[in-house]
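Engineer: First the structure, which I've put down as C-alpha cells, then a few questions once you've had a look.
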Amino acid sequence: NPILEVRGVHKSFGNYAALRGIDLSVQKGEIISVLGPSGCGKSTLLQVIAGLTQPDAGEVQLRGAQVASPTRLVPPEKRNINMVFQDYALWPHMTVYENIAYGLQRKKAKADYIKAKIAELVSLLRLEGLEQRLPPQLSGGQQQRVAIARALATEPDLLLLDEPLSNLDMRLRIRMRTEMAYLFRRLGTTVFHVTHDPDEAFAMADRLVIMRAGAIDQMGAPQDCYEQP
Ligand code: ADP
Ligand code: ADP
-7 NPILEVRGVH KSFGNYAALR GIDLSVQKGE IISVLGPSGC GKSTLLQVIA GLTQPDAGEV
53 QLRGAQVASP TRLVPPEKRN INMVFQDYAL WPHMTVYENI AYGLQRKKAK ADYIKAKIAE
113 LVSLLRLEGL EQRLPPQLSG GQQQRVAIAR ALATEPDLLL LDEPLSNLDM RLRIRMRTEM
173 AYLFRRLGTT VFHVTHDPDE AFAMADRLVI MRAGAIDQMG APQDCYEQP
C-alpha cells in the first residue's frame, strides 16, 4: 500500500491551470524527487500534498485515507507529515535542542524518549555541541541540518522537502544532498522532494518525476530519465 497517492489532481489560479491532472504514488521508504523548471507547478503540487492548497479536482490519500478533494481538506497538522523549506524557518528564540524537541513535546512524548531521540538525531546530523546555540548563531548548513532533525523527530509518515538546499553554497549542496539521501535511506524515511536542480534530484531520488507546464512529463528510475533542458 502506498504512503501517498495523488489522483487526477487539478489546480487553477484564476484561469491559469497550474496543475493539469497529476497522478502519482509513493511507496514506504521511497525518495521521490520532482524536477522541473520554475513555474511548472512543483510547489503547487507540494502544497496540495501538504494541505496548504485545496485541489479543484482529484484527490490526495495518505496511508489510504483521503485527505484532500474539492470537498475535503484535512489540515497539515493532522496529516502526520513534516516539511523542510529552503529558508529553514527555525524558531530563532529557541535553542537547537528546543527546536528539535518541540514537536515531540507537543505530542506529549515522555521526557526519556525525547532525550534519547534528540541524542540520536544530534549524532546522525552531526550537531554535537550545538544543542544550546540559537539558530542565528549557526551556519546555513547547520541550520538546515537542525531543520531536518526537527522534521524527523516525530517520525512522520512523509517528509516534504521544498528546494531544501537552495540557500546553501555549491560545495555544501553537493555534500548535503549525498548525506541526506544516505540518512533517509538508513532511517527508511519516505520523502517527497521538490527541486529545480537536476544534480540534486538525480543524486537523491529513487524515482524521478519530471514536470512540465503542470503535468508529468517523465517518471521513472533516474537512469531511465533524460535531463530536461
Ligand atoms: P514551481 O514551484 O515549479 O516554480 P509553482 O507551483 O510555484 O511552480 O507555480 C506554478 C504556476 O502557478 C506559476 O505560473 C505561478 O505563477 C502560478 N501560481 C502559483 N501560486 C499561485 C497563486 N497563489 N496565485 C496565482 N498564481 C499562482
Ligand atoms: P524536565 O526535565 O524539566 O521535566 P524536559 O522534559 O524538557 O524537562 O527535559 C527532559 C530532559 O531532557 C532533561 O533532563 C534534560 O537533560 C534534557 N533537556 C531538556 N531541555 C534541554 C535543553 N534545552 N538542552 C539540553 N537538554 C535538555
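Following this note's numbering, the numbering of the sequence shown begins with -7 at its first residue and continues without gaps. C-beta: ideal position from N, C-alpha, C; glycine also.
#1: Could you name each continuous beta strand (DSSP E) segment of 3 residues or more that falls completely within the segment 115 to 176, going from the start of the chain to the end?
#2: On the DSSP bridge list, what partners appear for Val1?
#3: Below 8 angstroms on the Cβ atoms is my guess for Gly132 versus Leu113; work out the distance and round it to an integer in Å.
#4: Helix, strand or coil for Pro221? Go by DSSP, reduced to three states.
#5: Could you check where the alpha helix (DSSP H) with Val88 kicks off and where it finishes?
#6: Grouping DSSP H, G and I as helix and E and B as strand, with all else coil, what is Thr36?
#7: If we count the other Cβ atoms within 10 Å of its Cβ and call it buried at 16 or more, is Ser292 buried or exposed?
#8: Can you name, in chain order, every residue of its own chain whose Cβ lies under 8 angstroms from the Cβ of Arg230, other than the five neighbours on each side?
#9: Thinking C-beta only, is Leu200 closer than 7 angstroms to Ser25?
#10: Would you list, in sequence order, the uninterrupted alpha helix (DSSP H) runs of no fewer than 4 residues that lie entirely inside the segment 175 to 211?
#11: In angstroms with no decimal places, state the Cα-to-Cα distance between Leu119 and Ala103.
#12: If we count Cβ pairs, one from each stretch, closer than 8 angstroms, do we get three or more for the segment 28 to 47 versus the segment 198 to 213?
#13: Have a look at the DSSP bridge pairing and note the partners of Glu51.
Structural biologist: Considering the structure as presented:
#1: 150 to 154
#2: Ile14
#3: At roughly 19 angstroms, the Cβ-Cβ gap does not stay under 8 angstroms, so Gly132 and Leu113 are not in contact.
#4: Only weak support exists for where Pro221 lies, its pLDDT of 46 falling under 50; the value from the coordinates is given anyway. Coil, per DSSP.
#5: Val88 to Arg98
#6: helix
#7: Given a span of -7 to 221 for the chain in the structure shown, any question on residue 292 remains unanswerable.
#8: Residue coverage of the chain in this structure runs from -7 to 221, which leaves residue 230 outside it and unanswerable.
#9: yes
#10: 190 to 196
#11: 20 angstroms
#12: yes
#13: Arg(-1)
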